[in-house]
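See below for the structure under consideration.
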Amino acid sequence: MRSLIHATALTALLSAAGSIATAEPIRTIDLLSRPQAAQPSEFQFVQIIAQEWRKLGLDVNVRVMPFEQMADIVWFNRDAWDTTAWQMVGRPERSDPDEIVFNLFHTTTAADGFNFIGYLNPEYDAIVEQQRVTLDPDARQALIYQAQEILAADQPNMMLVHPESTYAFDNTVWNADTVVEQGGIGIRNTWTFIGIEPLGDQRDIILNSSDNVQAINPLYISGGVDSWVTELIWDRLMRIGPDGLPQPWAATGHEWLDETNIRVTLRDDMMWHDGVPVTVEDVKFSFEVAGSGEAPMYGPFVSNIASIETGDDNTITFTLTNPSASFLTSSLAKINLIPQHVWGPVIEGLSTADENAESYQEEMPIGSGPYRFERWATNEEIVLSSNTDHFAAPKADRWILRIVPNVEAALGMLRSGEINFLADFPGDPGVLTEAATADGDLTVVSTVDIGFRYIAFNHRRPPFDDPAFRRALSAAVDRNLIVGAAFRGFAQPSYSVVSPALPFWHNSGVDSMETGIEIAQRMLEEAGYTIVDGVLNYPDGVTETLPVE
Amino acid sequence: MEPLLSLRDLSIAYDVDGGTVTAVDGATFDVPRGVIVGLVGESGCGKTTLARSLTRVLADNARITGGQAFFDGQDIMALPERQMNALRWRKIAFIPQSAMNSLDPVYTIESQLAEVLCKRGGLTRARAHVRSEELFEMVGLERGRLRDYPHQFSGGMRQRVAIALALALNPKLIVADEPVTALDVIVQRQILDQLRDLQKELSVSVIIVTHDISVVAYVCDQVVVMYAGRVAETGAMRTTLTRPAHPYTMGLRNAFPDLKSAAGVLTPIEGAPPNLMHPPPGCRFAPRCPFAQARCTDSSPPLVQVDGDHLAACHRWQEADVLRPLAALTQTWAIDIGATEMGGAKS
Amino acid sequence: MKGLTAIGSRVLQTVFVLWAVVTILFLMFRLMPGNPMAAYIDPNFTLEQQEALMARFGLDRPLWEQYFIYLWNLLQGDLGESFFYREPVADRILSLLPNTLILTFSSLIIAYVFGILAGSYLAWKRGGLTEQIAIPLVLTTRAMPEFWLGMILLAIFSFWLGWFPAGGTRSPGAEFPTYFALYTSRDFLMHMTLPVLTLAIYSQGLPLLLMRSNMLDVMKEDFVTMARIKGLSSWTVVIRHAARNALLPVMTSFAISVGYQIQGNVVVETVFSWPGLGRELVRAVSIADYPLAQGAFLMIAVVVILMNLVADLLYALLDPRVNRE
Amino acid sequence: MSSPVTLAKGPQAPRRGILRMVRNAFRSLHLPLDDGFAIAGLVIYAVFVLVALFAPQIATHDPTEILFTATFDLAADRRPGEDGFIMGTTSLGRDVFSQLVYGTQSALLIGITAAVMVALIGSIVGVVAGYFGGWTDTILMRLADIAFGIPFLPFVIVLAAFLEPSIWNVVIAMALILWRDTGRVIRSQVLTLRSRAYVEAARVSGSSDLKIILRHIAPNILPLSFLYGSIAIGWAILTEASISFLGFGDSSTISWGYMLQDAFASQALSKNAFYWFVPPGICIILIVSAGFFISRGYEKILFPKLGR
């Protein structure tokens, strides 16, 4: 209310001052959002942002559409949109900032990659290229800091929040002390599933997912839920630890021989679930298949590997084409180890077929991980059982994933004991915390996510090519309002694409922004924008030319 | 010999919106053993209601308001439902007007015969089958058609089926409600012949309800003429039809062709039967009667003996011999009696 | 002979409808806006990879060619491969179909048994107070959104009273050697109760009202009166004659209801986390998995079309008046 | 003699003309006014129509407006009466009462347009097929067969997913599919009408087809169209609700189905927010059963035998 009064007063002033100019009005700006049914928070913050922007004299048209249509426009028709809500989800391998800072903003990904906003900044390109090959963590940290500062100044996107991932478990079934909170990910993680200790007779972890499992395939990066399963069935040389840093897993350790050679030693006590021992040849095979084209989604993670040598002493040596700072996270902690005796013939058969390994669903998936595959009832449940021979054998007996599309039912099941670990909760987290207080036997844990929500500006279309305009739009909205009104408090204001959940990489120097309608109006005024008859106009002399769609 | 059925003052009324309709009002007549009695009258005169009342299966809104019906000495109107039900079909069977609608379309004829034979006659399935074939032969149908469904028969054949069904349990009385109405004349005659033959053979009593006096003339021994819920005239068929004492019977005779000889001019009775919710005072036929006098509209004529078992309910019965020739003339009935007589009646 | 010809032409008509629906489906899914590849946007996914994917699913060919390939594959029982699950659509659908069918048939059988009994009862008690209350009540059950009813039943019987589980077909981790063992277990019965109840409450209205009005009609028929005149017991009159005849259209409506119900299941399967065809369809549509959506849709359509056929044949079978020469 | 007539035709005449038109239009609806249920149904409709017309006056807020408290906090999950919200607020801070009131508009809009489409298309198809017969009939009836082969709800889901979310998707789908029942029934009705003596007479006397259809056929099939139309109202509203629940609804237009979806997605059950998810359900039940009640009234007009 208060800001509205200011806005009108200012509008009067501005229009009086700028009426003589030959300025051109800014067209109606589209703001894309997914439907409320799918994304209530997004729908809500888009409404709020549109309300605020309109106070600046912008004509904002909110267009609500399902993700497929939105992606079709944003991704495949890059000249055709103005602004859109967008989301980056947190994944363990995004604990290394490279993927985000490089792919989202580098010039090379602007044409058909993830830089769909068309941000072009040679200075920035140089910095993110440099951090890729800087192996010294401190030096690399400085570069990542610098990149964040450039982004803060340019505001290529309007960062909004890092949501909090909220999960819950039954503390009468599970020992709360054994639940592991992984930074940027939350308590639903492999460490928890391995370490969680039953208190009584119920020794099965029964968790829910609102989405179906797409595939259980170590060579296919499929749905988000699928990774919960694959991470338990298959081991990797390294795993991202609760602190967000890679730590030895199937490997006992690693050693950089030089900038492009790294030697890894494999544990010698590992067996595949069918009883065959895990060898370095299996490891070599796994990385080769990932790069063979039969597993296209894994290709990028091994594309930097020039060659792989196995040694007699249970070692594997990777030779890289270029030095890579994120190799441990994005390759060693990413590639699933698969048994050559199972996959060898399969891959051979596929090499002549149309399909690739992504279409191959093993009847009985065989890995070496802490859980074995037991059963899969389509769209209903997946049952894994504890691999007691594993070096990190789980304390629980079974891991049972139930597919529960109805959020309300998921919560009901948690309270009735039908499930004992709420691993997916698209609903209102406030309800969870209230339920926990009321019941006493539920523990709710919220964790700030690596992922984030933002409004993407299309730099190909004026006025979003003007950093000053972007800065003003960004400054118009109080992030705390978004946190409170769209996320019910379960989020943190975001000012950087590198989440505060990654304390080593996050530059807290950019963690503030003066916001408010008056501030935004002043910024626009200073950049030469005017208001004529309540409509925001371009600075004098600037004409609106849109790219040909 | 005591008659098989004696109706005494039987009255049946329907409860309808806005009042009561007395469909049968004090009906009194006898049905001797081993004869065919024709119950004749225009539609709506109560004859069907009367016929149905003999089975005591009436519409939901109908009730017996008075009188008795002695069947073999028992008043069936006063029998408890259980005992009445014991009589149904075993003693009193029924031939419906339209056999098409009266046969259940989803069962074969055999199964419908068997239903009666087993459930009501206590026969075994096997005996029932034998009996069914026997019945089919009796009514002149091929036994091979027992397995057929009702819709596969022609109208006349269905009527034979209905007769077979009625005969199934050797009843003493068969009530046939317009048994041949829907059929063409040739088939009518065949069916009636069949009925007559079987009746003689089995010496069963039959009541044929009909609006067609020629049917009565063709097949009945006795006749009961009903008008507007009341018995107008009753007696031996030949006497009653050749020497009717009631103008209504005289009129009826003119209105129908002879079954045997397709007769010449037909003279319908003008006007319509009275509304039975508010029947006119006096003789109910008076408004349409060419011979009505003042007393006719004042008081109701009682049923009086004309001659032997020939009874009639007309004030002018004694003048019957004089009136009869007049009634045979078409112009007697053609004058607009409604206007004059009705007007007179009302004043 | 005549009957056979009639059945033959009815079957031909069914084949024609199937072909038409298949064609409509094909066009519908190909001509609608939205990029089928949009679901695979990933920072690491290159344009070439996307094109390779398009080629793999034959989406790079001309439309008419795609159509004939689709028809040809369909004739061989090949519904294509799911974009999302990367497995044959037919396998997936066939593994879900039993769950949907069992839900559909159980609820309909309950609905019809109840509806037929209650409908007959109401016909018997016509004009009374029972009817004055029952008819609006029945109409109301048909006016309820199924998901709303389901949610409320869920809240009452599962969350609040805790009598029945809140979703799925079996307890977590419960193992059954065969589908038969699962479907005959107490566990399955408990899980099935609420969804079946929801569907049954919704579907009982049709057989009930149909049975009632048919009974009222049939009770006025001469053959029912005749049955009474024959002195047959009330039971025989009502059941053997009245109900048997009134049941005819109700039974054929059962087949048609199967078709209707199987589409309505979509909503209830979502409420009760039931792994069925409807839920799969909704999910496939929302992730633009065309082959899967198309396959699930087709399977539902096939059930609908076949049930329309069954309804007609059933009528011929149950009513001797039809096609018996 | 003539002057008073001219006088009476003065300024009042046009208004009287309109009145008569309204009355005639009203009469042509063949409203089933002799049936208790049907009257109850009509009264329910009348109330909802009034609410829809005066929604801006009745509603206390803009139903899509995000509401804040004086201290700039989101006014979410307010109980009825709290902070002056009659029926409380949603989890996203919208006024429940206002949504309920505005939901009436969408419900009537969807219901009535769908009913009109279904009745209109079905009647046209039925009349054309039944009246002209021959190839026209064959083609139209094969189309009806096909429409009978398309599962309705899945069809709406696909349509709603591919087109931008809108309440009109339901109406479009109904127009494309649900004319089939109406069409078939009206066709058979027309077939019997066509063989009636007066239609034959009109045809022999050289009346044009259009004239015969409008004069002799249309009035006789109107009640039947209305019967199917009044059932279609319910179908449309229920379908819209289901589509919303499945997440294919239009969140920029407030409908009862949208409200229910919003409530369930926001765990209104767990929050015991009965004031939020019960009223829209009741409203749907009321308006849909009102349609059924009215349809029973039409049934009585059409098939008096069924009456009791």
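Protein chains in written order, with my numbering: chain Y, 1 to 549; chain X, 550 to 896; chain H, 897 to 1221; chain G, 1222 to 1529.
Quick reminder that beta carbons are idealized off the backbone N, C-alpha and C, glycines included.
Please name the residue, chosen from Y/PRO198, Y/ALA436, Y/ARG94, that lies closest to Y/GLY241 on a Cα-to-Cα basis.
The shortest C-alpha to C-alpha distance from Y/GLY241 to any of Y/PRO198, Y/ALA436, Y/ARG94 is the one to Y/ARG94.
Given Y/SER209, which residues of its chain have a CB within under 8 Å of its CB, disregarding the five upstream and five downstream residues?
The answer, listed in chain order, is VAL225, TRP228, LEU401, ARG402, ILE403, VAL404, ALA423, ASP424.
What are the start and end residues of the beta strand (DSSP E) that includes Y/THR530?
Taken as a continuous stretch (DSSP letters only), the beta strand (DSSP E) holding Y/THR530 covers 530 to 532.
Within 9 Å (strictly less), CB to CB, does H/SER1129 reach chain X?
At a cut-off of 9 Å, the C-beta of H/SER1129 has a neighbouring C-beta in chain X.
Give the straight-line distance between the Cα atoms of Y/TYR371 and Y/GLY200, rounded to the nearest whole angstrom.
For the pair Y/TYR371 and Y/GLY200, the Cα-to-Cα distance works out to about 21 Å.
Where the alpha helix (DSSP H) through G/ALA1484 begins and ends:
From DSSP, the alpha helix (DSSP H) with G/ALA1484 extends over 1477 to 1486.
If we call anything under 9 Å between Cβ atoms a contact, is X/GLN737 one with X/VAL724?
No.
Using a beta-carbon distance below 9 Å, is G/THR1334 in contact with chain Y?
Taking a beta-carbon distance threshold of 9 Å, G/THR1334 does not count as an interface residue toward chain Y.
Own chain partners of Y/HIS106 with C-beta closer than 7 Å, once the 5 adjacent residues on each side are dropped:
Closer than 7 Å at the Cβ level, and outside the excluded window around Y/HIS106, lie ASN115, ASP125, VAL128.
Taking H/HIS1137 as part of the beta strand (DSSP E), name the residues at either end of that continuous run.
Per DSSP, H/HIS1137 belongs to no beta strand (DSSP E) and is neither H nor E.
Note down the Cα distance separating Y/GLU374 from H/PHE1072, rounded to an integer number of angstroms.
Distance between the alpha carbons of Y/GLU374 and H/PHE1072 is about 13 Å.
May I ask you to report which of helix, strand or coil DSSP gives Y/GLN553?
Because residue 553 of chain Y is not part of the residues shown, which for chain Y are 1 to 549, the question remains open.
Who does Y/PHE169 pair with in a DSSP beta bridge?
Paired residue(s): Y/PHE421, Y/THR443.
Helix, strand or coil at Y/VAL477 according to DSSP, with G and I counted as helix:
Y/VAL477 carries a coil assignment under DSSP once its states are collapsed to helix, strand and coil.
Mark Y/ASP533 as exposed unless 16 or more other C-beta atoms lie within 10 angstroms of its C-beta, in which case mark it buried.
Y/ASP533 sits exposed, since fewer than 16 C-beta atoms from the chains shown fall within 10 Å of its C-beta.
Contact with chain H by X/ALA811, beta-carbon distance below 9 Å
Because X/ALA811 sits at a pLDDT of 47, beneath the cut-off of 50, its placement in the model cannot be relied upon, and the following sentence gives the value as read from the coordinates. Output row for X/ALA811: interface = no.
Rounded to whole angstroms, how far is the Cβ of Y/PHE169 from the Cβ of Y/VAL179, which I believe are closer than 8 Å?
Rounded to whole angstroms, the Cβ separation of Y/PHE169 and Y/VAL179 is 6 Å, and the two are in contact under 8 Å.
Quick one: Cα of Y/ASP540 to Cα of G/ASP1471, how far?
Near 40 Å, if we compare the C-alpha coordinates of G/ASP1471 and Y/ASP540.
Under 7 Å between beta-carbons, which chain Y residues line up against G/ASP1294? List them in chain order, please.
Simply GLY484.
Measuring CB to CB, does X/ALA608 end up less than 9 Å from X/LEU556?
Against a cut-off of 9 Å, the Cβ pair of X/LEU556 and X/ALA608 comes out as no contact.
Which bits of chain Y does G/GLY1470 rub up against, with CB to CB less than 8 Å?
Result: PRO35, ALA37.
Candidates G/ILE1345, G/LEU1313, G/PHE1447: which alpha carbon is nearest G/ILE1522's?
Out of G/ILE1345, G/LEU1313, G/PHE1447, G/PHE1447 has the C-alpha closest to the C-alpha of G/ILE1522.
Per DSSP, which one or two residues make a beta bridge with H/PHE1072?
None, per the DSSP bridge assignment.
Let me see if you follow: with CB-CB separation under 9 Å, is H/PHE980 close to chain Y or not?
Interface residue, yes.
Going by DSSP in three states, X/ILE641 sits in which element: helix, strand or coil?
When DSSP states are grouped into helix, strand and coil, X/ILE641 belongs to the strand group.
Interface residues of the region 47 to 71 of chain Y facing chain G [CB-CB below 9 Å]:
Look at the region 47 to 71 of chain Y: the residues with a C-beta under 9 Å from a C-beta of chain G are GLN47, ILE48, GLN51, VAL62, ARG63, VAL64, MET65, PRO66, GLU68, GLN69.
What would DSSP say about X/LEU553, mapped onto helix, strand or coil?
X/LEU553 sits in coil when the DSSP states are folded into three classes, being neither helix nor strand.
If we count Cβ pairs, one from each stretch, closer than 8 Å, do we get three or more for the region 577 to 589 of chain X versus the region 642 to 657 of chain X?
Look at the beta carbons and you see the region 577 to 589 of chain X not touching the region 642 to 657 of chain X: under three pairs across the two are nearer than 8 Å.
Given that Y/ALA435 touches chain G, what residues does it touch there, using C-beta distances under 8 Å?
What Y/ALA435 touches in chain G: SER1491.
Considering Cα atoms alone, identify which of H/SER1002, H/PHE922, H/LEU999 is closest to H/LEU970.
Each of H/SER1002, H/PHE922, H/LEU999 was checked against the Cα of H/LEU970, and the nearest Cα belongs to H/PHE922.
Using CA atoms only, rank isn't needed, just tell me which of Y/GLN47, Y/ASP204, Y/ALA472, Y/ASN336 is closest to Y/VAL283.
Looking from the CA of Y/VAL283, the closest CA among Y/GLN47, Y/ASP204, Y/ALA472, Y/ASN336 belongs to Y/ASN336.
Determine, using beta carbons only, whether H/LEU1049 comes closer than 9 Å to chain G.
Chain G, which has no Cβ nearer than 9 Å to the Cβ of H/LEU1049, makes this no.
Ordered along the chain, which non-local residues of its own chain (more than five positions away) have a Cβ less than 6 Å from that of X/ALA861?
Within the same chain, GLU782, ALA794, HIS795, VAL855 come within 6 Å of X/ALA861 by CB-CB distance, once the 5 residues on both sides are set aside.
Within this structure, are the beta carbons of Y/LEU431 and Y/PRO339 separated by less than 9 Å?
For the record, residue 431 of chain Y in the displayed sequence is Val; it is not Leu. Result no, Cβ atoms of Y/VAL431 and Y/PRO339 do not sit closer than 9 Å.
Quick one: list the residues of chain H neighbouring Y/SER359, beta-carbon separation under 8 Å, in chain order.
By Cβ distance, chain H contributes GLU977, ARG982, GLU983.
Quick one: list the residues of chain Y neighbouring H/THR1175, beta-carbon separation under 8 Å, in chain order.
Looking at the sequence provided, one finds Arg at residue 1175 of chain H rather than Thr. Against chain Y, a Cβ distance below 8 Å from H/ARG1175 picks out ASN379, PRO405.
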